[in-house]
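Protein chains in written order, with UniProt numbering: chain A, 1 to 644; chain B, 1 to 644.
C-beta: ideal position from N, C-alpha, C; glycine also.
What you are looking at is a predicted structure, and each value in this text was computed from that prediction instead of being measured.
One structure below.
Protein chains: 2
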Amino acid sequence: MAGVTKMGKRNLYLKTVSVEEAQERFMEKLEPCLEVQYEEIEVVNSLHRITKEASIARYCSPLFNASAMDGIAVVSAHTLGASEKTPVALEEGRDYVVVDTGDPIHPPYDAVIMAEDIVETESGEHTILQAAAPWDNIRPIGEDIVTGEMILPSNHKIRPMDIGALLSAGILTIPVVKKPRMAIYPTGTEIIEPTETPGEGDIIESNSRVIENRVTEGGGIPHRFPAIPDDYEKIRETLVHAIQTHEMVIINAGSSAGREDYTVQVLRELGEVVVHGVAMKPGKPVILAIVQGKPVIGLPGYPVAAYMAYESFVVPVLNKLTGQVDTQGSRAKAVVSKRLVSSLKHREYVRVKLGVVKDKLVASPLARGAGAAMSMVKADGCLIIPQNSEGIGAGESAEVVLYKALTEIVQTLVVIGSHDLILDLIADRLPAIYQDEYLSSTHVGSMGGLMALKRGEAHMAPIHLLDEADGSYNVNVVKSLFKEPMALIQGVGRVQGLMVKPGNPLGIQGFEDLRAHRFVNRQRGAGTRLLLDYNLKKRGISPDSILGYSQELTTHMAVAAAVGSDGADVGMGVQSAAMAMGLDFIPVGEESYDFALPQENLEMPEVKHFIEILKSDALKEKLTALGGYAIEHSGEILHIDGRE
Amino acid sequence: MAGVTKMGKRNLYLKTVSVEEAQERFMEKLEPCLEVQYEEIEVVNSLHRITKEASIARYCSPLFNASAMDGIAVVSAHTLGASEKTPVALEEGRDYVVVDTGDPIHPPYDAVIMAEDIVETESGEHTILQAAAPWDNIRPIGEDIVTGEMILPSNHKIRPMDIGALLSAGILTIPVVKKPRMAIYPTGTEIIEPTETPGEGDIIESNSRVIENRVTEGGGIPHRFPAIPDDYEKIRETLVHAIQTHEMVIINAGSSAGREDYTVQVLRELGEVVVHGVAMKPGKPVILAIVQGKPVIGLPGYPVAAYMAYESFVVPVLNKLTGQVDTQGSRAKAVVSKRLVSSLKHREYVRVKLGVVKDKLVASPLARGAGAAMSMVKADGCLIIPQNSEGIGAGESAEVVLYKALTEIVQTLVVIGSHDLILDLIADRLPAIYQDEYLSSTHVGSMGGLMALKRGEAHMAPIHLLDEADGSYNVNVVKSLFKEPMALIQGVGRVQGLMVKPGNPLGIQGFEDLRAHRFVNRQRGAGTRLLLDYNLKKRGISPDSILGYSQELTTHMAVAAAVGSDGADVGMGVQSAAMAMGLDFIPVGEESYDFALPQENLEMPEVKHFIEILKSDALKEKLTALGGYAIEHSGEILHIDGRE
């Protein structure tokens with residue numbers, strides 16, 4: 001943390017431009033300078049390389065007139081008149097020679113008869129029952145490949161079968177596009193290598209590793225360098241050197257506007273900054289520059305922003321340098337399960353989970369933050385909200401770029417509702433045991449899950465909803481919301497409790513003690529919040545008397561983190577979150593975490609397998625080891641009859 | 001070539017089994033023995049590897065409560081009441097500290113205000129116009145990743161974004177499936193390395209290179225060994241050794257039944273031959289064996305047969321060993337442009353070119369021979385004729401496994417008709433100049449091309465059809481066959497002539513000399529055949545008087561090859577074929593090779609670009625260098641009006 005002087009240095013962005021305009025402006029300036037380089041390599045090592053020019057066959061294949069069968073090469077004229085009734089006897093050396101498949105055929109022999117069609121008589125004579133026509137069963141020279149024929153065109157990605165044909169045609173080396181060398185520089189003083197132990201304020205550098213592997217996938221050679229500290233001279237010096245030895249330079253500019261400015265200033269000094277700031281979210285603080293005719297791209301620091309900016313601006317340049325055709329990923333139309341508001345100021349990229357429910361492709365948005373690296377890992381696709389749109393309503397459809405094959409998505413059990421670690425465990429087991437079946441879970445809370453079920457956008461909703469009237473869980477609320485026959489697959493009993501600092505320094509024992517300390521609450525509608533309210537009411541404690549009752553966080557872990565980092569003295573949640581954060585835990589009750597679904601979905605194979613895993617000893621052992629779970633009824637089914 | 005004794009050794013196949021039965025029988029016996037192996041590797045080197053087990057986060061991300069913005073960290077309670085009308089002045093150190101994005105936030109600070117929202121008054125004071133709520137612009141510890149959370153499930157193929165998340169979660173090494181080692185042995189005494197100069201009877205070994213690269217693509221480590229000669233003891237010895245050091249052995253058994261038998265006998269001695277001979281075409285002589293619990297697969301010798309058998313039998317085993325899910329290639333329904341007859345004895349795999357004509361996906365079969373390696377290179381897909389089918393009629397639809405993305409296929413100009421090298425040249429230029437546009441050409445002769453055009457299965461038909469009435473080319477036949485408005489894009493004039501042995505030892509000068517020598521003819525309907533007949537008729541020469549008039553070959557090159565290999569003394573064809581085979585050439589006339597198409601197709605961008613390339617100086621230079629072409633009218637368009 002620095003002084004106010006640091007603030008004084010900050011510049012506002014240049015006026016941001018649209019994604020298309022940024023791409024066009026950059027490529028237009030860049031294209032005259034970009035030069036694809038070539039090299040001659042051995043054909044046997046050319047897999048997946050891109051050809052420079054058409055390859056022309058040096059040899060024919062076959063190289064000579066060759067027998068296509070195991071049998072005998074004959075003079076066709078000597079076989080005339082042969083039939084079932086008038087077999088013709090042949091004499092070796094005069095009428096035929098024995099040949100194997102691939103043997104050369106010379107005059108006077110001009111046809112081959114298969115071994116199976118030769119009849120050996122009792123007297124040991126070899127006879128045939130059918131005449132041969134000239135060229136029968138002979139592969140003429142050049143049948144497959146002719147000298148001078150084009151084997152591969154230019155700009156072609158070499159496949160295994162291409163290598164076979166090239167070698168057969170006598171081609172041993174081939175000119176291909178040389179892989180461009182791409183320098184990748186993380187920047188930032190707070191950045192540490194993953195191998196170092198992080199202290200407070202340290203950020204583990206991982207973006208450069210993502211970029212490095214995307215470059216490899218894209219056909220470039222990545223050179224990933226250690227982080228450059230935030231030092232104008234160092235950045236300048238490093239860039240001057242990198243540009244000499246690489247076809248492209250990528251700077252991961254750090255997420256701070258101050259730092260980004262260093263990079264922009266250095267690039268202005270060394271060359272031309274074509275674009276600074278693009279109307280996309282995430283990904284806005286991107287820098288597109290040209291230094292000595294070479295592209296230098298500054299990517300934002302947040303992981304998702306870096307990734308999206310890479311796809312939009314680095315990939316087109318890399319495609320040019322590697323001679324590849326721009327390929328857009330597969331796209332599909334999907335129904336959005338949750339309203340998405342977006343601004344007219346930018347194009348927005350929203351990661352989504354996908355699944356097919358009642359023949360509809362359903363997209364459930366994941367965390368939208370630029371820092372949410374896990375949203376990239378969990379995503380099945382990316383939904384694009386155009387710059388001229390204010391958003392997409394729930395139930396409306398939108399275009400999605402697919403990160404997974406549609407065939408995989410079809411066999412995905414779509415689970416929307418409240419989160420528990422048990423979903424991760426089952427999501428892990430399902431594809432491992434039942435090939436090609438997947439579980440996708442989206443976390444919108446219990447009521448959100450039941451609403452998704454009602455709209456036909458989920459197969460199953462994990463819920464923990466208390467009926468304040470009788471203290472029971474889940475059954476009553478499902479009965480009251482659905483007309484059709486429903487079921488509850490019983491999940492686990494979860495111990496809920498108060499989370500306090502290690503050693504419980506304030507001596508908190510129960511709900512009565514909340515009034516004296518700084519509390520942090522969950523959001524309205526959360527099962528934990530309902531349990532709290534039920535207990536406060538039962539005890540006659542007014543919410544107004546609790547300091548921080550109105551301070552809402554949206555996950556168990558966020559509450560645990562708030563307590564752990566002294567943002568609060570006490571919060572309420574499940575035992576596993578407290579354990580993960582090293583907090584003390586005071587149990588106050590048990591809640592039922594179950595899976596609601598229409599009865600007809602019980603027939604889905606994915607649901608049957610879900611139940612099998614839920615009942616398995618392997619899963620129960622894991623839950624026992626984690627602690628805080630009651631598992632005696634896991635996998636049992638409660639039927640909730642439909643109403644008229 | 002060996003004596004009859006060689007024939008005596010040959011065994012008939014065991015009864016062949018269907019593809020499905022062979023796969024099931026083999027996998028059933030094999031699965032109890034197959035053991036997937038694992039190894040722990042560095043996460044930074046784990047791209048595209050398959051995870052062994054779920055990876056669990058060691059750290060949270062962020063690791064601490066962090067500022068999400070550049071700005072100031074404030075005590076939210078000190079900002080209460082701030083508004084446009086009642087700005088609140090803040091004092092550094094007491095009310096706020098300056099923070100950059102990512103900086104840790106400590107109590108008493110509990111919110112961040114963006115730099116842009118701070119107003120500096122004339123007196124130098126920093127004021128705010130809006131109160132901050134607790135946790136505003138703070139990324140709580142664990143917001144993205146929580147300790148104990150599952151980052152990746154088991155059996156997951158690691159992507160670049162996964163590597164980023166693993167590193168952020170403090171995971172440095174990861175257990176993954178160890179790549180299986182696959183031994184690949186070509187066999188055969190006639191086989192030479194591509195680097196050797198082939199003599200007669202030699203076959204350039206290329207199958208092992210195709211297999212090697214397919215193994216690499218499939219996630220295995222290929223070890224390709226030099227060819228084993230046809231020697232029982234050598235084969236036995238080599239196999240015994242290979243099985244110790246590899247997870248799987250592939251023998252490319254050579255195409256001879258005799259040789260295959262060696263392999264089968266050795267495998268019977270060393271282990272169990274589960275399947276020998278499968279009802280598929282090409283690919284029948286496949287051997288599926290298990291030796292010491294390890295799979296040993298004998299692939300057929302012909303290139304296409306080896307490839308198809310690899311896909312059917314090696315891929316499923318390799319998928320098991322690499323922990324990958326079986327993925328079937330993309331499939332589509334296509335209309336077949338030519339009748340395909342097949343036998344009930346086997347499932348047949350036919351390579352096809354694909355294109356979209358009038359919204360129909362059209363499949364044009366390529367050469368069906370097992371030796372036609374170029375059919376693999378040229379194919380856009382593979383059509384499967386089931387074992388229980390006798391074939392598919394022209395215009396009927398069938399399922400095709402796609403080798404190319406449908407998006408590429410849509411932008412393909414479908415050309416069906418007579419072949420000339422000029423099509424290869426344009427097919428090469430088109431995607432190089434106009435990204436994403438392709439030309440697919442199928443060779444069925446001029447009349448076949450016009451019929452395909454009539455059935456709406458081609459965009460354009462290259463033809464060279466003589467009108468015997470007046471000696472003109474192409475215009476009259478198109479006019480007589482089509483009612484709608486048609487066009488001819490003029491192609492090239494081609495010099496046709498008689499091909500004779502080098503030095504013309506028989507002194508052949510013209511059509512009159514054909515009577516005295518062994519002739520080889522083209523098939524009925526071929527343009528060259530029509531030109532011959534026209535000239536014979538003009539000169540009053542009877543076809544019956546020509547020895548070999550009824551001997552038909554289907555390409556210029558096959559005719560040239562027949563003359564070159566002394567299968568005949570003289571044949572007729574284009575100059576380029578004679579030159580390719582080193583023959584002498586006696587010009588006898590010029591024919592027009594043009595491109596017929598409906599006038600409406602002239603509007604297609606691919607057709608416009610085709611014409612541009614046809615007219616280009618670059619193409620004309622190439623044709624001039626090849627010789628035998630008249631190019632003065634190339635690219636000019638003749639309109640042929642429609643009839644009522």
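Problem - Below-8 Å beta-carbon distance, B:Thr216 vs any chain A residue - result: Sequence index remark: in the second sequence, residue 216 of chain B carries index 216 (1-based). Interface residue (Cβ-Cβ distance to chain A less than 8 Å): B:Thr216 is classified as such.
Problem - Supposed contact pair B:Ile184 and B:Ser208 - C-beta distance, whole angstroms, cut 8 Å - result: Taking the first residue of the second sequence as position 1, residue 208 of chain B is located at position 208. Taking the first residue of the second sequence as position 1, residue 184 of chain B is located at position 184. Between B:Ile184 and B:Ser208 the Cβ distance is about 5 Å, and since that is below 8 Å, they are a contact.
Practice task
Would you check if the distance between the CB atom of B:Met581 and the CB atom of B:Gly564 is smaller than 8 Å?
Solution key: Here residue 581 of chain B corresponds to residue number 581 of the second sequence, with the count starting at 1. Here residue 564 of chain B corresponds to residue number 564 of the second sequence, with the count starting at 1. Against a cut-off of 8 Å, the Cβ pair of B:Gly564 and B:Met581 comes out as a contact.
Exercise for the section: Measuring alpha carbon to alpha carbon, tell me which of A:Ala561, A:Ala405, A:Val574 ends up nearest A:Ser592. Expected result: Taking the first residue of the first sequence as position 1, residue 592 of chain A is located at position 592. Comparing Cα-Cα distances from A:Ser592 to each of A:Ala561, A:Ala405, A:Val574, the minimum goes to A:Val574.
Exercise for the section: Jot down the residue ranges of each uninterrupted beta strand (DSSP E) in the UniProt domain "MoaB/Mog" (183 to 320) of chain A, minimum 3 residues, whole runs only, in chain order. Expected result: 221 to 224, 248 to 252, 272 to 276, 287 to 291, 294 to 299
Handout entry: Best match in A:Asp70, A:Tyr96, A:Thr86, A:Arg58 for proximity to A:Ser76 [C-alpha to C-alpha]
Key = One-based indexing of the first sequence puts residue 76 of chain A at position 76. Out of A:Asp70, A:Tyr96, A:Thr86, A:Arg58, A:Tyr96 has the C-alpha closest to the C-alpha of A:Ser76.
Exercise for the section: Could you tell me which chain B residues have their CB closer than 8 Å to the CB of A:Ile151, listed as they occur along the chain? Expected result: Reading the first sequence from its first residue, position 151 is the one you call residue 151 of chain A. Ordered by position in chain B, the residues that pass the 8 Å Cβ test against A:Ile151 are Met374, Val377.
Exercise for the section: On the DSSP bridge assignment, give the partners of A:Lys157 in chain order. Expected result: Here residue 157 of chain A refers to the residue found at position 157 of the first sequence. According to DSSP, which records beta bridges pairwise, A:Lys157 is partnered with A:Ile50.
Handout entry: Three-state secondary structure (DSSP) of A:Thr554
Key = On the first sequence, position 554 is the one that residue 554 of chain A refers to. Reduced to three states, the DSSP call for A:Thr554 is coil.
Exercise for the section: Give the single residue among B:Gly277, B:Gln244, B:Glu233, B:Pro282 whose Cα lies nearest to the Cα of B:Val266. Expected result: Stepping through the second sequence from its first residue, residue 266 of chain B is reached at position 266. Selected option, being the one with the closest Cα: B:Glu233.
Problem - Three CB pairs or more closer than 8 Å across the stretch 45 to 64 of chain B and the stretch 152 to 162 of chain B - result: yes
Practice task
Establish whether the CB of B:Arg94 and some CB of chain A are separated by less than 8 Å.
Solution key: For this step, residue 94 of chain B is matched to residue 94 along the second sequence. Taking Cβ atoms only, chain A never reaches closer than 8 Å to B:Arg94, which makes this a no.
Practice task
For the beta strand (DSSP E) containing B:Lys537, list its first residue and its last residue.
Solution key: Position 537 of the second sequence holds residue 537 of chain B. B:Lys537 -> not in any beta strand (DSSP E); alpha helix (DSSP H) instead, spanning 527 to 539.
Practice task
Just the C-alpha distance for B:Thr16 and B:Ala22, rounded to the nearest angstrom, thanks.
Solution key: For the purposes of this step, residue 16 of chain B is taken as the residue at position 16 of the second sequence. For the purposes of this step, residue 22 of chain B is taken as the residue at position 22 of the second sequence. So the alpha carbons of these two residues sit roughly 9 Å apart.
Problem - is_contact[A:Leu167, chain B] using C-beta, thresh 8 Å - result: To locate residue 167 of chain A, count along the first sequence from 1; it is residue 167. Judged by the 8 Å Cβ criterion, A:Leu167 is in contact with chain B.
Handout entry: Contact with chain B by residue 646 of chain A, beta-carbon distance below 8 Å
Key = Here chain A comprises residues numbered 1 to 644, so residue 646 of chain A is not present and cannot be evaluated.
Handout entry: For B:Lys479 and B:Asp584, believed in contact at Cβ under 8 Å, the rounded distance
Key = Looking up residue 584 of chain B in the second sequence gives position 584. Looking up residue 479 of chain B in the second sequence gives position 479. The Cβ separation is near 38 Å, so there is no contact.
Practice task
Please list the partners that B:Glu190 has in chain A, where partner means a Cβ-to-Cβ separation under 7 Å.
Solution key: For the purposes of this step, residue 190 of chain B is taken as the residue at position 190 of the second sequence. Those are Gly102, listed as they occur along chain A.
Problem - Straight-line Cα distance separating A:Thr442 from A:Gln496 - result: As a first step, residue 496 of chain A is located in the first sequence; it is residue number 496 there, counting from the start. As a first step, residue 442 of chain A is located in the first sequence; it is residue number 442 there, counting from the start. Distance between the alpha carbons of A:Gln496 and A:Thr442 is about 22 Å.
Practice task
List the DSSP bridge partners of B:Leu340.
Solution key: Counting from 1 along the second sequence, the entry for residue 340 of chain B is found at position 340. In DSSP, B:Leu340 forms a bridge with B:Ile392.
Problem - Where B:His78 falls: helix, strand or coil (DSSP) - result: Here residue 78 of chain B corresponds to residue number 78 of the second sequence, with the count starting at 1. If DSSP states are grouped into helix, strand and coil, B:His78 belongs with the helices.
Problem - Spatially closest choice to A:Tyr526 from A:Glu269, A:Cys33, A:Ala469, A:Thr554, by CA coordinates - result: The residue labelled residue 526 of chain A in the question sits at position 526 within the first sequence. The amino acid occupying residue 526 of chain A in the given sequence is Ala; Tyr does not appear at that position. Minimum Cα distance to A:Ala526 is reached at A:Thr554.
Exercise for the section: Please report how far the alpha carbon of B:Cys382 lies from the alpha carbon of B:Ala427, in whole angstroms. Expected result: Residue numbering aside, residue 382 of chain B sits at position 382 when the second sequence is read from its first letter. Residue numbering aside, residue 427 of chain B sits at position 427 when the second sequence is read from its first letter. Spanning the two alpha carbons is a distance of roughly 21 Å.
Handout entry: Sub-8 Å separation of A:Pro295 and A:Val286 beta-carbons
Key = Position 295 of the first sequence, counted from the start, is the residue given in the question as residue 295 of chain A. Position 286 of the first sequence, counted from the start, is the residue given in the question as residue 286 of chain A. Contact: no.
Practice task
Can you give me the start and stop residues for the beta strand (DSSP E) that B:Lys353 sits inside?
Solution key: For the purposes of this step, residue 353 of chain B is taken as residue 353 along the second sequence, with counting starting at 1. B:Lys353 -> beta strand (DSSP E) spans 347 to 357.
Problem - Pairwise C-alpha distance: B:Thr197 and A:Ile72 - result: The residue labelled residue 72 of chain A in the question sits at position 72 within the first sequence. The residue labelled residue 197 of chain B in the question sits at position 197 within the second sequence. Near 28 Å, if we compare the C-alpha coordinates of B:Thr197 and A:Ile72.
Exercise for the section: Can you have a look at A:Pro462 and say buried or exposed, based on whether 16 or more other CB atoms are within 10 angstroms of its CB? Expected result: Numbered from 1 along the first sequence, position 462 holds the residue referred to as residue 462 of chain A. When all chains shown are included, A:Pro462 counts as buried.
Practice task
State whether the stretch 481 to 496 of chain A contacts the stretch 621 to 634 of chain A, with contact taken as three or more CB pairs (one from each stretch) at a distance under 8 Å.
Solution key: Yes: the two stretches touch, three or more of their Cβ pairs being nearer than 8 Å.
Practice task
Run the CB neighbour count on A:Val291, radius 10 Å, all protein chains shown included, and call it buried at 16 or more, exposed below.
Solution key: Taking the first residue of the first sequence as position 1, residue 291 of chain A is located at position 291. Looking at its Cβ environment, which holds 16 or more other Cβ atoms inside 10 Å, A:Val291 is buried.
Problem - Residues of its chain near A:Tyr59, where Cβ-Cβ distance is below 7 Å and the 5 sequence neighbours each way are ignored - result: Reading the first sequence from its first residue, position 59 is the one you call residue 59 of chain A. Only residues of its own chain outside the window of five on either side were considered, and among them Thr147, Ala169, Gly170 have a CB closer than 7 Å to the CB of A:Tyr59, listed in chain order.
Exercise for the section: Whole angstroms is fine: what's the gap from A:Asp424's alpha carbon to A:Leu481's? Expected result: Walking along the first sequence from the start, residue 424 of chain A turns up at place 424. Walking along the first sequence from the start, residue 481 of chain A turns up at place 481. In a straight line, the C-alpha of A:Asp424 is about 27 Å away from that of A:Leu481.
Problem - Coil, strand or helix - A:Phe64 by DSSP - result: Position 64 of the first sequence, counting from 1, holds the residue named residue 64 of chain A. The answer is coil: DSSP assigns A:Phe64 none of H, G, I, E or B.
Practice task
Please report how far the alpha carbon of B:Leu354 lies from the alpha carbon of B:Ile416, in whole angstroms.
Solution key: If you number the second sequence from 1, residue 354 of chain B lands on position 354. If you number the second sequence from 1, residue 416 of chain B lands on position 416. Going from the Cα of B:Leu354 to the Cα of B:Ile416 covers about 11 Å.
Problem - Cβ-Cβ separation, B:Val570 to B:Leu498 (assumed contact under 8 Å), whole Å - result: Against the second sequence, residue 498 of chain B aligns to sequence position 498. Against the second sequence, residue 570 of chain B aligns to sequence position 570. Correct: roughly 6 Å between the Cβ atoms.
Practice task
Write down the C-beta distance between A:Pro104 and A:Ala66 rounded to the nearest angstrom, noting that I regard them as a contact closer than 8 Å.
Solution key: As a working note, residue 104 of chain A is residue 104 in the first sequence. As a working note, residue 66 of chain A is residue 66 in the first sequence. Confirmed, about 6 Å.
Problem - Check: B:Thr555 C-beta below 7 Å from any heavy atom of the ligand PLP - result: For the structure depicted, the ligand PLP is absent and the ligand set is empty, with no information on it obtainable.
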